[in-house]
Each structure stands twice: as C-alpha cells, then as structure tokens.
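Report on the structure given below.
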Amino acid sequence: MTNLAGESCSACKPGAPTVPGAERQQLLQQLPDWRIVACDDVEQLQKTYSFKNFDDALDFANAIGELAEGANHHPAILIEWGKATVKWWTHAIGGLHRNDFIMAAKTDFLHNK
C-alpha cells in the first residue's frame with residue numbers, strides 16, 4: 011500500500027474514469043472513519059472531525075482551505091460548534107477519483123498534526 015498523504019494530486023479532466031470498486035475499497039481501508047456517501051447521485055468521501063469548540067473547527071477548515079488551494083482541488087466543508095464535516099469528490103467527473111482519496115489522507119494528516 012502507498013502512503014496516500016505523501017502523494018500529489020494529478021490533473022483530472024472531464025471524462026476521466028472514477029475509481030473502480032475494488033481499488034476504491036482498498037483506498038478506503040487506508041482512511042479510518044471516512045465513508046462513501048451519495049449526495050445528489052454523486053459519490054463523495056465524507057468524514058466528521060470533533061473539536062473542543064467552534065474556533066478550533068474553524069481553524070481546521072481554514073487549514074483545509076489552504077491545502078485545497080495549493081492542490082487546486084476543493085472540498086465541501088460544514089463547520090459547526092465542535093465539529094467539521096469534510097466531503098471530497100471530483101466535480102469534473104461527478105464522482106470519486108484517486109485525488110479525492112489523496113486529499114482525504116492529507117486532511118487526516120492536518121488533523122493529526
């Protein structure tokens with residue numbers, strides 16, 4: 011298995027294939043507590059992180075924002091008191107690309123710093 015957090019996102023263009031089922035499950039095994047959810051018929055990776063307060067959740071969301079800008083790959087982030095829910099998917103293909111699993115691993119790395 012590779013270290014997903016150490017990988018870089020590659021450019022993904024419309025029409026690129028989504029991650030096939032067997033590979034998807036292998037990648038998901040490397041991402042504790044992440045799950046695949048469907049939102050408007052689009053599969054997305056989702057995880058909710060817990061924090062002591064709103065400010066910590068907001069700081070985490072801002073760190074994810076910097077990470078996302080650097081990779082030119084942007085998630086949905088919901089910030090609430092004591093938690094932040096993050097969803098990664100590739101808009102250009104309407105589903106999950108390897109980039110999403112990489113960014114999920116990088117998000118975990120940010121949280122564990």
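Count along the sequence shown from 1, then add 10; that gives the number in this note's numbering.
We treat Cβ as the ideally placed atom computed from N, Cα and C, and that holds for glycine.
Task: For residue 24 and residue 122, the rounded distance between their alpha carbons - done: 33 Å
Task: Own chain residues within Cβ distance below 6 Å of residue 26, not counting five before or after - done: 103
Task: Bridge partner(s) assigned by DSSP for residue 6 - done: Residue numbering for the chain in the displayed model covers 11 to 123; residue 6 lies beyond these limits and cannot be assessed.
Task: 4-residue-minimum alpha helix (DSSP H) runs that sit fully inside the segment 62 to 115, ordered along the chain - done: 64 to 81
TODO: Please name the residue or residues paired with residue 58 in a DSSP beta bridge.
DONE: 95
Task: Simplified DSSP assignment, three categories, for residue 118 - done: helix
TODO: Please confirm if the segment 80 to 87 is in contact with the segment 34 to 47, defined as three or more CB-CB distances below 8 Å between the two stretches.
DONE: no
Task: Same chain only: Cβ atoms within 7 Å of residue 105, ignoring 5 sequence neighbours per side - done: 28, 52, 53, 99
TODO: Could you tell me the boundaries of the alpha helix (DSSP H) in which residue 37 lies?
DONE: 31 to 38
Task: Cβ pair residue 73, residue 41 closer than 8 Å - done: no
Open item on the list: Let me confirm a value: residue 37 is counted as buried when at least 16 other C-beta atoms fall within 10 Å, else exposed. Which label applies?
Closed with: buried
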